Amino acid sequence: MSKKRVFISFDFDNDLSLKNLLAGQAKLPDSPFEISDWSLKEAVPEKDWEDKALAKIKRSDIVVVIAGTSTYRASGVKKEVKMARNNYIKTVQIKPQGTNPTRVENAGALYDWTWDNLKTVLS
């Protein structure tokens, strides 16, 4: 069975370490998902950023929003979620255990970030 291609949407200013953790979990032998691409790292003009993000999202099976404490305010995350929705790409949110973040609007169901949940939701 092929692995799901995941695009990680996250608050670059606050949650880079969480993105790295999720990318690491994708490398585990029993992972049902792989990171196809994630939010852009380089500073590019707004239009170029949107075009590049959209192309990456379209190549993904699912967009995972890492729901940190400030993610619901991150303009880039909101745009990525809208791109996914407009292209019928499934979106879900995961939250670190022990946190209670505000949900990102229209970003799908919010799950606790556990290995069992990741294996279920991303398979």
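Under our numbering, think of the first position of the sequence shown as 1208, with each following residue one higher. We treat Cβ as the ideally placed atom computed from N, Cα and C, and that holds for glycine. For clarity, every value in this text was computed on a predicted model and none was experimentally measured.
When you compare each of ILE1215, THR1276 and VAL1272 to LEU1317 by their alpha carbons, which one comes out closest?
Numbered from 1 along the sequence shown, position 110 holds the residue referred to as residue 1317. Looking at ILE1215, THR1276 and VAL1272, the one whose alpha-carbon comes closest to that of LEU1317 is VAL1272.
DSSP has VAL1213 in a bridge; who is on the other side?
For the purposes of this step, residue 1213 is identified with residue 6 of the sequence shown, where counting begins at 1. ILE1242 and ILE1269.
Backbone secondary structure at THR1298 - three-state DSSP
Within the sequence shown, numbered from 1, the residue matching residue 1298 stands at position 91. For THR1298, the secondary structure class from DSSP, reduced to helix, strand or coil, is strand.
Helix, strand or coil at LEU1235 [DSSP, three-state]:
Translated into the one-based positions of the sequence shown, residue 1235 becomes position 28. Residue state, collapsed to three classes: coil.
Given this structure, state the Cα-to-Cα distance separating ASP1323 from ASN1221, to the nearest angstrom.
In the sequence shown, the residue the question calls residue 1323 occupies position 116. In the sequence shown, the residue the question calls residue 1221 occupies position 14. Looking at the backbone, the Cα of ASP1323 and that of ASN1221 are separated by about 25 Å.
Can you tell me whether DSSP reads LEU1229 as helix, strand or coil?
Your numbering for residue 1229 matches position 22 in the sequence shown. Of the three classes helix, strand and coil, the one that applies to LEU1229 here is helix, per DSSP.
Residues of its chain near LYS1289, where Cβ-Cβ distance is below 7 Å and the 5 sequence neighbours each way are ignored
The residue labelled residue 1289 in the question sits at position 82 within the sequence shown. Result list for LYS1289: empty, nothing under 7 Å.
Span separating the alpha-carbon of GLU1287 from that of LEU1261
The count along the sequence shown starts at 1 and reaches residue 1287 at position 80. The count along the sequence shown starts at 1 and reaches residue 1261 at position 54. Each residue's alpha carbon lies about 7 Å from the other.
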